[in-house]
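Working notes, structure below.
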């Protein structure tokens with residue numbers, strides 16, 4: 001791990017609504033103050049040494065600080081020292097925190113896709129994926145991030161199915177024991193829901209996606 005930034009407590013707002021409320025079905029983002037489903041957010045906790053730790057599974061002990069799963073929101077949190085204000089204490093923020101989160105989300109996507117393959121709930125390859133789509137077996141389509149829009153359109157052929165693009169073809173291929181995989185179809189179920197959640201969080205936290213969302217990007 002690289003150097004860390006020690007963030008002092010400053011400009012603390014005496015507003016309990018900004019604290020890390022963790023009761024009920026929604027969580028409040030410490031930057032935007034919007035209440036959202038935890039599925040589209042990322043939880044953080046303070047480690048024993050007061051380091052900010054991303055808790056992607058939302059299971060670590062301690063009071064959580066929640067952020068919308070968006071790179072621009074994370075950047076704002078870092079610039080405004082939002083973690084220190086939310087914790088009401090000095091905190092250590094890893095300099096490479098954005099990269100740590102993105103890498104961890106990629107690992108979670110890989111793990112979920114591996115589970116779908118082992119459970120027989122996913123197939124790879126254009127032909128097999130198209131067969132599942134035609135048979136209405138596909139609840140989610142995964143396309144390689146370096147795949148083409150034309151191939152995606154040809155695969156879907158007008159069908160409305162959620163499509164995620166979390167990883168390049170080489171990484172997808174490793175999961176399915178191939179040199180590369182551009183198209184994957186996943187059947188409905190808990191794993192498909194998990195895949196959508198993790199892929200959407202990864203897309204939100206990706207620097208590439210964040211740059212593309214900027215005007216002129």
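Residue numbers (the UniProt record's numbering): 1 to 217.
Where a beta carbon is used, it is the ideal one built from N, C-alpha and C, also for glycine.
Keep in mind it's a predicted model, so treat the numbers as computed, not measured.
Per DSSP, which residues does residue i bridge with? Please list them.
i, result
"residue 43", "55 and 66"
"residue 141", "163 and 185"
"residue 123", "185"
"residue 36", "27"
Counting only the same chain and skipping the five closest in sequence on each side, list residues whose C-beta sits under 7 angstroms from that of residue i.
i, result
"residue 117", "175 and 176"
"residue 179", "173"
"residue 216", "The predicted position of residue 216 is uncertain, since its pLDDT is 42 and thus under 50; no value can be drawn from it."
"residue 108", "56 and 198"
Buried or exposed, going by whether 16 or more other CB atoms sit within 10 Å of the CB of residue i?
i, result
"residue 73", "buried"
"residue 64", "buried"
"residue 46", "buried"
"residue 26", "exposed"
"residue 190", "exposed"
"residue 166", "buried"
"residue 211", "For residue 211, the predicted model reports a pLDDT of 47, less than 50, meaning its position is unreliable; a value from the coordinates is still stated below. Its Cβ having fewer than 16 others within 10 Å, residue 211 is exposed."
"residue 95", "exposed"
"residue 153", "exposed"
"residue 7", "Because the pLDDT at residue 7 is just 47, under 50, the model does not fix this residue reliably, and the value given afterwards should be weighed accordingly. The residue is buried, with at least 16 neighbouring Cβ atoms inside 10 Å."
"residue 84", "buried"
"residue 129", "buried"
Of all the options the options, which has the alpha carbon lying nearest to the alpha carbon of residue i?
i, options, result
"residue 24", "31, 35 and 30", "35"
"residue 32", "120, 51 and 75", "75"
"residue 87", "100, 161, 152 and 52", "52"
"residue 120", "43, 201 and 192", "192"
"residue 122", "149, 188, 90 and 89", "188"
"residue 126", "106, 157, 67 and 112", "157"
"residue 29", "59, 148, 128 and 68", "68"
"residue 203", "60, 66 and 106", "106"
Please return the same chain residues whose Cβ sits closer than 8 angstroms to the Cβ of residue i, not counting the five positions on each side in sequence.
i, result
"residue 207", "71, 98 and 102"
"residue 49", "92"
"residue 54", "42, 43, 44, 97, 100, 101 and 104"
"residue 62", "45 and 46"
"residue 58", "38, 43 and 64"
"residue 287", "Within the shown structure, residues of the chain are numbered from 1 to 217, placing residue 287 beyond reach of any answer."
Ignore the nearest five residues each way along the sequence and tell me which others in residue i's own chain have a CB closer than 6 angstroms to its CB.
i, result
"residue 133", "159"
"residue 168", "144, 145 and 146"
"residue 124", "176, 181 and 184"
"residue 115", "191"
"residue 170", "180"
Using a C-beta cutoff of 8 angstroms, does residue i count as contacting chain E?
i, result
"residue 33", "Looking at the structure shown, chain E is missing, and only one protein chain is on hand."
At a cut of 8 angstroms, does the stretch 34-42 reach the stretch 77-88 through at least three beta carbon pairs?
no
Is the stretch 134-141 touching the stretch 180-191 in the sense that three or more CB pairs, one from each, lie closer than 8 angstroms?
yes
Does the count of Cβ pairs from the stretch 123-137 and the stretch 193-204 closer than 8 angstroms reach three?
no
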